[in-house]
Amino acid sequence: MTIQWFPGHMTRAKRQIEEKLKLIDIVFELLDARIPASSRNPMIDEIVGAKPRLVLLNKADLADEAATAAWSGHFRALGLETLAIDANGGRGISDIAPRIRHLLREQTERQISKGLRPRAPRALIVGIPNVGKSTLINRLAGRSAAATGDRPGVTKGQQWIRIGGSLELLDTPGILWPKFDDPAVGYRLAATGAIRDEILPVEDVACFILRHLASSYRGALEERYGLSDLPQELPDIPAAAEVLEQIGRRRGCLAGGGQVDYAKAAGVLLRDLRSGKLGRLTLEMP
Ligand code: G4P
């Protein structure tokens with residue numbers, strides 16, 4: 002595998018986030034509810050340090066509800082306040098403000114005891130590309146305000162977005178890099194669209210995902226593609242490739258000579274997965 006964790010990128014991103022951290026009271030760590038571990042930057046604890054943090058499991062509308070509950074429990078056990086949200090549809094968004102109040106209660110009490118009027122807390126959203134940072138900023142702001150662009154260094158002048166009287170949000174999120182030298186993490190990131198399709202062979206991604214789907218969501222797979230008698234486990238890549246071939250045949254993904262075009266079949270599977278057509282699913286468990 003040729004993908005690397007670019008230390009230069011990461012150092013720069015880390016420095017930029019650390020600059021922003023000086024300005025804020027609370028960090029929203031945005032994760033993809035379908036891949037909460039794989040969409041997490043492994044240096045996040047080091048980067049955020051002691052700043053109060055709220056873990057937001059975004060795209061919960063696409064994730065398996067029971068799995069999301071298990072992940073929430075997992076993060077809470079690590080001492081992290083956690084909330085499942087759907088930044089697109091708005092679910093869970095109204096719970097953010099009460100969670101912030103809870104997390105910052107000691108700070109607020111300190112301000113009051115010093116005779117100060119507590120000001121609206123300032124927040125920064127951090128997360129890897131495509132996890133929904135801009136969508137969340139826009140949702141919180143109630144308008145299309147967020148700056149997009151996933152490259153560190155393209156940040157324009159920083160501005161605060163006032164959200165009611167209860168929050169001020171930095172308009173540019175902190176962009177973290179995913180770490181995917183573990184192939185399984187790379188496949189999960191590719192499957193959810195967090196990394197570009199060109200980075201990993203799409204057939205490999207599809208076969209990896211098929212193995213997970215066959216063991217955890219077999220019914221959904223059978224129903225969507227009219228398959229029957231799928232084995233309980235796909236023990237290896239050739240077994241998964243056979244299922245991919247069946248999907249390709251069902252969907253008319255054919256190359257010359259009646260052969261199945263595996264890349265096309267993989268594309269069908271991944272599009273269905275990403276758009277929720279295979280139902281709500283989570284690709285890893287705590
Ligand atoms: P980013 O700033 O972190 O890079 O992510 P961004 O907000 O641009 O969101 C990436 C994609 O994820 C967008 O899809 C967005 O609509 C979608 N998205 C964000 N939050 C949610 C959510 O809670 N649920 C669902 N289902 N989707 C969400 P897009 O514009 O269609 O982009 P793409 O899918 O074509 O990449």
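Quick note on numbering: the sequence shown equals residues 2 to 287 in this note's numbering. From the three backbone atoms N, C-alpha and C, an ideal C-beta is built for every residue, glycine too.
Here the alpha carbons of G277 and K60 stand approximately 11 Å from one another. Residue pairing by DSSP places R272 opposite no residue, since no beta bridge is assigned to it.
Taking the Cα positions, D46 is about 21 Å away from E285.
Where V127 is concerned, the enclosing beta strand (DSSP E) starts and stops at R123 to G128. Going by DSSP, L190 is part of no beta strand (DSSP E) but of the alpha helix (DSSP H) stretching over P184 to T193. Taking A142 as the centre and dropping the five residues before and after it, the same chain places the C-beta of I162 closer than 6 Å to its C-beta, in chain order. The alpha-carbon separation between H103 and P53 amounts to approximately 11 Å.
In the three-state reduction of the DSSP assignment, L214 falls in the helix class, which pools H, G and I. The beta carbon of Y218 is closer than 6 Å to those of L282 in its chain, skipping five residues each way along the sequence. Proximity to A191 across M11, A267, R16 and L84 peaks at A267, based on C-alpha coordinates. Between S40 and V132 a beta carbon distance of about 6 Å is seen, short of the 8 Å cut, so the two are scored as contacting. Look at R251 here: in three-state DSSP terms it is helix. Take the alpha-carbon of L117 and the one of R106: they are about 14 Å apart.
Checking the DSSP bridge columns, you'll see L171 partnered with W161. Annotation for P179: I129 and L190 place their beta carbon closer than 6 Å to its own, counting only its chain and skipping 5 residues before and after. Where T83 is concerned, the enclosing beta strand (DSSP E) starts and stops at E82 to A85. Within the stretch 82 to 117, the complete alpha helix (DSSP H) segments of 4 residues or longer fall at 97 to 104 and 106 to 114, listed in chain order.
Rounded to whole angstroms, the Cβ separation of A195 and L270 is 17 Å, and the two are not in contact under 8 Å. For T83, the shortest C-beta to heavy atom distance toward the ligand G4P is 6 Å or greater. In the DSSP assignment, E66 falls within the alpha helix (DSSP H) that extends over E66 to A78. For G187, the number of other beta carbons within 10 angstroms of its own is at least 16, and it is reported as buried. Cβ-Cβ distances below 6 Å link N42 to L177 in the same chain, with the five nearest sequence neighbours on each side left out; the list follows chain order.
L63 places its beta carbon 7 Å or farther from that of R92. E204 places its beta carbon 7 Å or farther from that of S216. Within a 10 Å sphere around the beta-carbon of P122 sit 16 or more other beta-carbons, which makes this residue buried.
Beta-carbon to beta-carbon, L137 and A88 are separated by about 4 Å, close enough to satisfy the 8 Å threshold. It is roughly 46 Å from the alpha-carbon of G257 to the alpha-carbon of A85.
Counting along the chain, N139 sits inside the alpha helix (DSSP H) bounded by residues K134 to A142. A straight-line Cα-Cα distance of about 27 Å links A241 and A71. The beta carbon of P287 sits closer than 7 Å to those of A71, W72 and H75, all from its chain and outside the five residues before and after it, given in chain order.
I113 sits exposed, since fewer than 16 C-beta atoms from the chains shown fall within 10 Å of its C-beta.
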